[in-house]
Amino acid sequence: MKAPWQPTLLAMLLIVAGCATPTSQVALTGNVLVDGPNAIANGPPRDRVLWQYRTAAAAMRQGNFGLARQQLDDAIRTLGGIYGNDPGARKARSYFHGEDKKTFIGEPYERSMAYIYRGIIYWMDGERDNARACFRSAEFEDSDAENREYAGDWVLPDYLDGLATAKLGGDGMDAFKRAQSLARGVKLPPYNLKANTLVFLEFGPGPAKFAGGQYGEELHIRTVPSPVTSARIGVDSLRIPVAPTDDVSFQASTRGGRVMDHILGNKAVFKSTTDTIGNVALIGGIATAAASRDQTTQEIGLGIALAGLVSKVVSAATTPAADTRTWDNLPHYLSFACFPLPAGPHVLTVEFLDPSGRALANLTKTINLNITAADRDKVVFVSDSSATPQTL
Amino acid sequence: MKPLFAKICVPLCGVAVAAFFAGCASSGVKNPSGVPVTHMNADEQGFVAGTGVESQDLVHVADKMARSILDIPQIANASTAPTVVLQPVGNQTRFPINKDIFLTRIRAQLNSKARGKVMFLARNQMEALEKERNLKREGAVTASANPMVQEFKGADYFLTGSLQGISTRTAAGTSDYILYDFHLIDARTSGIVWEDSAEIKKQGLEDAAYR
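Protein chains in written order, with this note's numbering: chain A, 295 to 686; chain B, 727 to 937.
Structure follows, in structure tokens:
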């Protein structure tokens, strides 16, 4: 009798199709300030923090610090309460779901950046102690790197921790010394408590994640050289050269192995093993069935082939892919400068310089500052992709 | 006798069809109808918890401080209620918080549970108070007493505090210890007449997917 292959194949297809889980997708326009709020409202909840991060960074560059504050506060609440049982995380660890099924909170460098941005806004709002809390959390998020040499090695958060402490009347020298010991080749300026203008700078394209390995189970970081490697601030008669203090790409690529990498490795081995078993059983079973004239042997051969097919299906359903969702509008470098300015209006310009020290003309930013009181800090945030001019 | 393959084909197809429809029904959404609002007591830990400062910590710390302040002789034995001004609390932890909420709760506890034993001065409203007094002095609004007399009270004590923390993060998890310290300062002598503290330590470990 002829074996009924067609219904069996149809059955297998139905099983696979039935297991597929529909996901909500949002149409992207390419404008983060449009896509972000749309994705936060209508996209998968597991991507919410990712879009909040992206939206916050884009909003800060447009000078919309209210929107950035709102997004970062909500994102930080999520990442501060991620302890214990989490269904999305459990799913991400299972054989049959990718890592991206977990609620996104980002890798440590992304979490640190969320705290750094929020700290800047707190300082802007005059809350130095909460700003300092954020800078401490930024360092804390980076504190369990596999290689201890790279644990908690951000420079700017430590430097600003000390500066905030000093401005609050405390002794910030411990944090300053820690920052100086981490600053590779950069001599950090000593704290000037009369400096009432704090300029935060960021420039260059940030790191991106990509998947490697046979099944995309390895998480890798791609970094690209930045066309901007330093900056120059001009205000009144001052010309202040600014070197980078932190390299975000360096932070992203020095985290080391994750516990999740081990889990993804196990998934990859399982996928490979079930695939091999499936191949052997399919070929062996079909060959046995085809070679034999004995009906019982044929049936056994077909049974083995069916088991092989099931093993292939299990292998195909196993998803060891690493989570490559990336906070894709982060900068390459962070930097900072502070100086005293008298009360009154000032025009501040920031030139971004290429590796040979030439200003990239299309990137020059102008900020109209109004210093209301000499004893109140004016915080300025400038990115090489900031809107210009801005009035603060 | 039917061949083995034919025998298993029918149930296999049945299972496949069932799996197909079951798969279509489960869109992977947990609690598709949502979760109704759950009323919690402010002093209990909810199902959403981190290692930072939470409402149960605020209630515990503020209640302890309010009870402790009332026991000191400067308050308990005062012939007239001492006047107290709240000073901002310093946050030295790694958690950005609205730290003045502690003082607000301590003040509310003292005002509601020990009415008349202490009087808090609304220094954070000075701008509005001065404006109102000036309107009265100018005769622009009525006054129930002579507005030219200085009646704004000076502080007998300042109530302030600080939040300090030690945080550790290792492969075994995250640990956060916070020391909540509050003290009452005599405005005349600068002496600290009362001080009390509360300490809370929390530990947690994220799912391996986040490590």
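Just so it is clear, CB atoms sit at the ideal spot from N, CA and C, and this is done for glycine as well.
- Proximal residues of chain A, C-beta to C-beta of N817 (chain B) below 7 Å: Within chain A, the C-beta atoms nearer than 7 Å to that of N817 (chain B) come from D423, N424, A427, in chain order.
- Taking Cβ positions only, does E770 (chain B) come closer than 8 Å to chain A? no
- Residues from the stretch 894-925 of chain B in contact with chain A, defined by Cβ distance under 7 Å: R895, T896, A897
- Query: If the cut is a Cβ gap below 7 Å, which residues of chain B does V553 (chain A) touch?
  - Reply: For V553 (chain A), the chain B residues whose C-beta falls within less than 7 Å of its own C-beta are A934, R937, listed in chain order.
- Message: With H, G and I counted as helix, E and B as strand and the rest as coil, what does DSSP make of A489 (chain A)?
- Response: coil
- Using a C-beta to C-beta distance shorter than 8 Å, which residues of chain B count as neighbours of K396 (chain A)? D933, A935, Y936
- Item | Contact between the stretch 500-520 of chain A and the stretch 555-562 of chain A (3+ Cβ pairs under 8 Å) | In short, these stretches touch, since the Cβ pair count reaches three.
- Message: Please return the same chain residues whose Cβ sits closer than 7 Å to the Cβ of L829 (chain B), not counting the five positions on each side in sequence.
- Response: Closer than 7 Å at the Cβ level, and outside the excluded window around L829 (chain B), lie L812, V815, L885.
- How is L366 (chain A) classed by DSSP in three states: helix, strand or coil? helix
- Would you identify the three-state DSSP class for K825 (chain B), choosing helix, strand or coil? Three-state DSSP puts K825 (chain B) in coil, outside helix and strand.
- Task: Check the DSSP bridge columns for E921 (chain B) and list the partner residues they point to.
- Result: B:H909
- Name, in chain order, the residues that DSSP records as bridge partners for P625 (chain A). A:P499
- Give every residue of the same chain whose Cβ lies closer than 6 Å to the Cβ of D678 (chain A), excluding the five residues on either side of it in the sequence, and list them in chain order. F497, V522, F646, L657
- Task: Assign P316 (chain A) to one of two classes, buried (16 or more other C-beta atoms within 10 Å of its C-beta) or exposed (fewer than that).
- Result: Reliability fails at P316 (chain A), whose pLDDT of 49 lies under 50, so the model's placement of it is uncertain and the value that follows must be treated cautiously. Classification for P316 (chain A): exposed.
- Message: When you compare the CB positions of L450 (chain A) and T539 (chain A), do they come within less than 8 Å of one another, or not?
- Response: yes
- Task: Note down, in chain order, every chain D residue with its Cβ under 9 Å from the Cβ of A775 (chain B).
- Result: Of the protein chains in this structure, namely A and B, none is chain D.
- Query: In the DSSP assignment, what are the bridge partners of D902 (chain B)?
  - Reply: B:S893, B:K928
- Do the CB positions of A460 (chain A) and L495 (chain A) come within less than 8 Å of each other? no
- Message: Quick check on DSSP: helix, strand or coil for P316 (chain A)?
- Response: Confidence at P316 (chain A) is low in this model, with a pLDDT of 49, below 50, so the placement of that residue should be treated as unreliable; the coordinate-derived value is given next. Coil.
- Item | Stretch-stretch touch, CB-based, cutoff 8 Å, three pairs: the stretch 592-606 of chain A with the stretch 574-584 of chain A | The stretch 592-606 of chain A vs the stretch 574-584 of chain A: in contact.
- What residue does the beta strand (DSSP E) around R552 (chain A) start on, and which one ends it? Where R552 (chain A) is concerned, there is no enclosing beta strand (DSSP E), given that its DSSP letter is neither H nor E.
- Length at least 4, wholly inside the stretch 795-867 of chain B: the alpha helix (DSSP H) runs in chain order: 799-802, 826-839, 852-863
- Item | Inter-stretch contact at 8 Å, needing at least 3 Cβ pairs: the stretch 896-913 of chain B / the stretch 778-795 of chain B | Cβ pair count under 8 Å is three or more, so yes.
- Query: In three-state DSSP terms, what is L885 (chain B)?
  - Reply: strand
- Query: Just to confirm, are I376 (chain A) and Y409 (chain A) a CB contact at a threshold of 8 Å?
  - Reply: no
- Query: Closest Cβ-Cβ distance between A460 (chain A) and chain B: below 8 Å?
  - Reply: no
- Task: Report the residues of the stretch 797-826 of chain B with a CB closer than 8 Å to any CB of chain A, ordered along the chain.
- Result: G816, N817, Q818, T819, R820, F821, P822, I823, K825
- Thinking C-beta only, is A615 (chain A) closer than 8 Å to E393 (chain A)? The criterion of a C-beta distance shorter than 8 Å is satisfied by E393 (chain A) and A615 (chain A).
- Task: Spell out the partners DSSP gives E511 (chain A) in its beta bridges.
- Result: In the DSSP output, where bridge partners are listed per residue, E511 (chain A) has none listed.
- Query: What is the DSSP secondary structure of E433 (chain A), reduced to helix, strand or coil?
  - Reply: helix
- Message: Is the separation between the beta-carbon of R895 (chain B) and that of S406 (chain A) shorter than 8 Å?
- Response: no
- Tell me the start and end of each unbroken beta strand (DSSP E) in the stretch 583-646 of chain A that is at least 3 residues and wholly inside, in chain order. 625-633
- Task: Taking 8 Å as the cut-off, decide whether the C-beta atoms of S543 (chain A) and G479 (chain A) are in contact.
- Result: No; because the gap between Cβ atoms is not below 8 Å, this pair is not in contact.
- Nearest to S923 (chain B) (by Cα), restricted to the options B:P762, B:T777, B:D783, B:M766: B:D783
- Item | chain B contact residues for R430 (chain A), given Cβ-Cβ distances below 7 Å | R820
- Query: Name the chain A residues that come within less than 8 Å of G930 (chain B), Cβ to Cβ?
  - Reply: Here the neighbours are Y377, G378.
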